[in-house]
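K.L.:
Number of protein chains: 2
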Amino acid sequence: MIDVLIEKIKERNNPTVAGLDPKLDYVPEEMKAAAFREHGETFAGAAAAILQFNKTLIDALCDIVPAVKPQSAYYEMYGIEGIRCLHETIAYAKKNGMYVILDAKRGDIGATSEAYAKAYLGKTELGGVTEEAFGADCLTVNPYLGTDGIKPFTDQCAANQKGIFVLVKTSNKSSGELQDLKSEGKYIYEHMAELVKTWGSDLIGVNGYSSVGAVVGATYPEQAEALRSQMPHTYFLVPGYGAQGGKAEDVAKSFNKDGLGAIVNASRSIMCAYQKQGGTLGDAARAEAIRMRDDILSAL
Amino acid sequence: MIDVLIEKIKERNNPTVAGLDPKLDYVPEEMKAAAFREHGETFAGAAAAILQFNKTLIDALCDIVPAVKPQSAYYEMYGIEGIRCLHETIAYAKKNGMYVILDAKRGDIGATSEAYAKAYLGKTELGGVTEEAFGADCLTVNPYLGTDGIKPFTDQCAANQKGIFVLVKTSNKSSGELQDLKSEGKYIYEHMAELVKTWGSDLIGVNGYSSVGAVVGATYPEQAEALRSQMPHTYFLVPGYGAQGGKAEDVAKSFNKDGLGAIVNASRSIMCAYQKQGGTLGDAARAEAIRMRDDILSAL
């Protein structure tokens, strides 16, 4: 349910999300060395280092930043131990009152999307009982397969008060190769926007926004502006601020006049603030999160 | 490298792949009960049941079927234990001489795709050493983000003799919502086909096929026929035969005149053959795999 996220944004007066894309290079040397001493230069060692890194960031950010966005790839690359770390990161963030948007960009045919939807937003049947595999609040989803690949996710959103963000216009350089093709007078990302509106039309909450959101990159402010007016009830997850080049005035175009409608992600600039600005990992991340919040609020 | 797969197809004279999408309902009752007795009705119990199920199928099929295609969603839904089962399934299939196509439909911006590519087709750095996280031979990939989201995968293909299959025209009912839109006189799936050709042009092996393949559903035989002539050097992974409705004469359109060019997947019809035809899990799966092989070969 998008209202859970909106409440956390309002409480903290902060429409941003901290991306947890923890490359091992981002982990402070002493933290990494301690984990490798204990577990060896193994997947378990890397996962222990990254979990400590994430917990330090969550501790430093949880009262001022409403949400975290772990990027699944950076956990999957450490195999089973990496997945364990992802699972514990999600649990730790939730325990500390943060909303968890798992960035995994899943999507498949209906039956398979149902398995993904259960894995991340629902519960899995185990004989006579059911249990949460990952328990995220929200998941990013890829729409290449169309409605029947999306419906299992929206079903879980409806049943369990969860949310999804569907890729519409992504922040990367090549996004236009497919997304900017024009068909029947509209760009592909506009066609996707129409589908996203349809998928979310039954899931609009008390704040006027749907639990089916859209990913709209900060690096394409003109497209974001057009999409903003095309989909007034859709929340935007906005990647591309900071390290990827998006500025506060760019991301401002993704917001509505109510000051809501978008949540802006930054990953590297927060995780690596201590490498640039000095100070401890937690202090530097917190200072950068505050700077980012104020930068964005000043542009709204 | 697609040549590794082609050799296995030629050795067995069988252009099919057995999908391992193991719903718990597919596991024989006594196998499931034994696993739950040992581990409880837990993720560990479900994963143990599924691993036993997969090993039985691999044992029964490995000398006649060249490849397996585990569908990642059905492992992710059992959390960490499910991922452990996926890891062991991949290792067991490889040990038994099968080619492993992991169906995970990953895809993201470049830096993140690089992490996925390392996870499934490459190696992960751990301090001073590198290690394989999953070690699949091949991965399915989603092209919604364009070239920079694909390049990390093709880099791993080139470096490690691996392969990818990129979604072009998927087998599900709603696939046309995006994929059949027309732009500049061509369908979106045709635009994707052109990109796939470009991505694969430097990776063509001794049999004349690229390590960058395409997913083309058996349920759209006319589109498959057009795509076949549009991309003569591209191997097709063909889902949709059997339970989804695709027939031998439909999948035949995805092959070239050399009898190569496509590998046809069946999942449920093989995994659940024992429920329909009786016999043991392994014997029924083997009989169905032979029936499917002969059905397809007779249509070529």
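From first to last, the protein sequence lines are chains E and G.
Counting from 1, one number per residue, gives the positions in the first sequence under the numbering used here.
Counting from 301, one number per residue, gives the positions in the second sequence under the numbering used here.
Note that the Cβ used here is the ideal one computed from N, Cα and C, for glycine as well.
Bear in mind the structure is a predicted one, so any value in this text is a computation, not a measurement.
#1: Determine whether the Cβ of E/Lys32 lies closer than 9 Å to any Cβ atom of chain G.
#2: If you follow the beta strand (DSSP E) that G/Glu425 is part of, which residue opens it and which one closes it?
#3: Can you check DSSP and say which residues form a bridge with G/Gln371?
#4: Please name the residue, chosen from G/Thr389, G/Ala367 and G/Asn313, that lies closest to G/Thr348 on a Cα-to-Cα basis.
#5: So is E/Gly163 buried or exposed if we call it buried at 16+ other beta carbons inside 10 Å?
#6: Sort E/Lys69, E/Ala46 and E/Leu121 by Cα distance to G/Gly379 and report the nearest one.
#7: Under the rule that 16 or more other beta-carbon atoms within 10 Å means buried, what is G/Asp408, buried or exposed?
#8: Can you give me the start and stop residues for the alpha helix (DSSP H) that G/Cys457 sits inside?
#9: Mind checking E/Arg84: buried by the 16 CB within 10 Å criterion, or exposed?
#10: How many angstroms separate the CA atom of E/Ser229 from the CA atom of E/Gly261?
#11: Using a Cβ-Cβ cut-off of 9 Å, state whether E/Pro70 counts as contacting chain G.
#12: What residues in its chain sit with their C-beta under 6 Å from that of E/Ser267, if we drop five residues either side in the sequence?
#13: Between G/Pro521 and chain E, is any beta-carbon pair separated by less than 9 Å?
#14: Is E/Phe255 helix, strand or coil by DSSP?
#15: Quick one, which of E/Tyr116, E/Arg291 and E/Phe36 has its alpha-carbon nearest G/Lys405's?
#16: Rounding to the nearest angstrom, what Cα-Cα distance links E/Pro70 and G/Asp558 in this structure?
#17: Which value, in whole angstroms, describes the spacing of the CA atoms of E/Thr124 and E/Ala91?
#18: Just to make sure I have the definition right: I need the residues of chain G whose C-beta is within less than 9 Å of the C-beta of E/Pro143. Which are they?
#19: Spell out whether any CB of chain G is found under 9 Å from the CB atom of E/Phe165.
#20: Could you work out which residue in G/Glu414, G/Val429 and G/Glu376 is closest to G/Ser456 when comparing CA atoms only?
#21: Indicate the three-state DSSP secondary structure (helix, strand or coil) for E/Asn265 in the structure shown.
#22: For E/Glu11, which residues in the same chain have their Cβ closer than 8 Å to its Cβ, ignoring the five residues on either side in sequence?
#23: Compute the Euclidean distance between the alpha carbons of G/Leu467 and E/Val196, then round it to the nearest angstrom.
#24: Could you tell me which chain E residues have their CB closer than 9 Å to the CB of G/Val429, listed as they occur along the chain?
#25: Strictly below 7 Å CB to CB, what residues from chain G border E/Arg84?
#26: How far does the alpha helix (DSSP H) with E/Gly213 in it extend, from its first residue to its last?
#27: In the DSSP assignment, the beta strand (DSSP E) including G/Tyr535 goes from what residue to what residue?
#28: Give the residues of chain E in contact with G/Asp550, contact being defined as C-beta atoms less than 9 Å apart.
#29: Less than 9 Å between the beta carbons of G/Ile570 and G/Glu588, yes or no?
#30: What three-state label does DSSP hand E/Gly185 in the structure shown?
#31: Helix, strand or coil for E/Cys62? Go by DSSP, reduced to three states.
#32: To the nearest angstrom, how far is the alpha carbon of G/Gln544 from that of G/Lys473?
#33: In the DSSP assignment, find the unbroken beta strand (DSSP E) run with G/Gly476 in it and report its ends.
#34: Whose Cβ in chain G lies nearer than 7 Å to the Cβ of E/Ser174?
#35: Around the C-beta of G/Ala459, are 16 or more other C-beta atoms found within 10 angstroms, so that it is buried, or is it exposed?
#36: Taking the C-alpha atoms as reference points, what is the distance between E/Leu5 and E/Tyr99?
P.N.:
Let's see:
#1: Position 32 of the first sequence, counted from the first residue, corresponds to residue 32 of chain E. So, interface residue.
#2: In the second sequence, the residue the question calls residue 425 of chain G occupies position 125. Looking at the DSSP string, the run of the beta strand (DSSP E) that includes G/Glu425 is Thr424 to Leu426.
#3: Within the second sequence, the letter at position 71 stands for residue 371 of chain G. Bridge partners of G/Gln371: G/Asp403.
#4: Counting from one through the second sequence, the residue named residue 348 of chain G turns up at place 48. The amino acid occupying residue 348 of chain G in the given sequence is Ala; Thr does not appear at that position. Cα-wise, what sits closest to G/Ala348 is G/Thr389.
#5: Within the first sequence, numbered from 1, the residue matching residue 163 of chain E stands at position 163. Label assigned to E/Gly163: buried.
#6: In the second sequence, residue 379 of chain G corresponds to position 79, counting from 1. Of the listed residues, the one whose Cα sits closest to G/Gly379 is E/Leu121.
#7: Along the second sequence, read from residue 1 onward, the residue named residue 408 of chain G stands at position 108. Classification of G/Asp408: buried, given that the 10 Å Cβ count is 16 or more.
#8: As a first step, residue 457 of chain G is located in the second sequence; it is residue number 157 there, counting from the start. G/Cys457 -> alpha helix (DSSP H) spans Thr447 to Asn460.
#9: Residue mapping note: residue 84 of chain E aligns to position 84 of the first sequence, counting from 1. Its Cβ being crowded by 16 or more others within 10 Å, E/Arg84 is buried.
#10: The residue given as residue 229 of chain E occupies position 229 in the first sequence. The residue given as residue 261 of chain E occupies position 261 in the first sequence. About 11 Å.
#11: Locating residue 70 of chain E in the first sequence gives position 70, counting from the first residue. False, the Cβ-Cβ gap to chain G never drops below 9 Å.
#12: Numbered from its first residue, the first sequence carries residue 267 of chain E at position 267. The answer, listed in chain order, is Gly19 and Asp21.
#13: The residue given as residue 521 of chain G occupies position 221 in the second sequence. No, G/Pro521 does not count as interfacial toward chain E.
#14: Residue numbering aside, residue 255 of chain E sits at position 255 when the first sequence is read from its first letter. Here E/Phe255 sits in coil by DSSP.
#15: On the second sequence, residue 405 of chain G is found 105 positions in, with the first residue counted as 1. Per the Cα distances, E/Tyr116.
#16: Taking the first residue of the first sequence as 1, we reach residue 70 of chain E at position 70. Taking the first residue of the second sequence as 1, we reach residue 558 of chain G at position 258. Computed Cα separation, rounded: 46 Å.
#17: By 1-based counting over the first sequence, the position of residue 124 of chain E is 124. By 1-based counting over the first sequence, the position of residue 91 of chain E is 91. Rounded to the nearest angstrom, the two C-alpha atoms are 17 Å apart.
#18: Along the first sequence, read from residue 1 onward, the residue named residue 143 of chain E stands at position 143. Result: Tyr444, Glu477 and Leu478.
#19: As a working note, residue 165 of chain E is residue 165 in the first sequence. So no, E/Phe165 is outside the interface.
#20: Your numbering for residue 456 of chain G matches position 156 in the second sequence. A small correction: the amino acid at residue 456 of chain G is Gln; Ser does not occupy that position in the sequence shown. Of the listed residues, the one whose Cα sits closest to G/Gln456 is G/Glu414.
#21: Residue mapping note: residue 265 of chain E aligns to position 265 of the first sequence, counting from 1. The answer is strand: DSSP assigns E/Asn265 an E or B state.
#22: Position 11 of the first sequence holds residue 11 of chain E. Only Pro66 meet the Cβ criterion.
#23: Stepping through the second sequence from its first residue, residue 467 of chain G is reached at position 167. Stepping through the first sequence from its first residue, residue 196 of chain E is reached at position 196. When rounded, the distance between both Cα atoms is 21 Å.
#24: Translated into the one-based positions of the second sequence, residue 429 of chain G becomes position 129. Going along chain E in sequence order, the residues near G/Val429 (Cβ under 9 Å) are Glu41 and Thr42.
#25: Stepping through the first sequence from its first residue, residue 84 of chain E is reached at position 84. Chain G residues near E/Arg84: Ile380.
#26: In the first sequence, residue 213 of chain E corresponds to position 213, counting from 1. Per DSSP, E/Gly213 belongs to no alpha helix (DSSP H); it is in the beta strand (DSSP E), Val212 to Val216.
#27: Position 235 of the second sequence, counted from the first residue, corresponds to residue 535 of chain G. Where G/Tyr535 is concerned, the enclosing beta strand (DSSP E) stretches over Thr534 to Val538.
#28: Within the second sequence, numbered from 1, the residue matching residue 550 of chain G stands at position 250. None at all; the shortest Cβ gap to chain E is about 17 Å.
#29: Here the question's residue 570 of chain G lines up with position 270 in the second sequence. Here the question's residue 588 of chain G lines up with position 288 in the second sequence. For G/Ile570 and G/Glu588, yes; Cβs fall inside 9 Å.
#30: For this step, residue 185 of chain E is matched to residue 185 along the first sequence. Looking at E/Gly185 - three-state DSSP - the assignment turns out to be coil, as it is neither helix nor strand.
#31: Here residue 62 of chain E is taken as the residue at index 62 of the first sequence, counted from 1. Reduced to three states, the DSSP call for E/Cys62 is coil.
#32: For this step, residue 544 of chain G is matched to residue 244 along the second sequence. For this step, residue 473 of chain G is matched to residue 173 along the second sequence. Between G/Gln544 and G/Lys473, the C-alpha separation is close to 10 Å.
#33: Against the second sequence, residue 476 of chain G aligns to sequence position 176. G/Gly476 -> not in any beta strand (DSSP E); alpha helix (DSSP H) instead, spanning Gly476 to Gln479.
#34: Position 174 of the first sequence, counted from the start, is the residue given in the question as residue 174 of chain E. By Cβ distance, chain G contributes Leu445, Gly446, Thr447, Asp448 and Gly449.
#35: Counting from 1 along the second sequence, the entry for residue 459 of chain G is found at position 159. It counts as exposed.
#36: Stepping through the first sequence from its first residue, residue 5 of chain E is reached at position 5. Stepping through the first sequence from its first residue, residue 99 of chain E is reached at position 99. C-alpha separation (whole angstroms): 6 Å.
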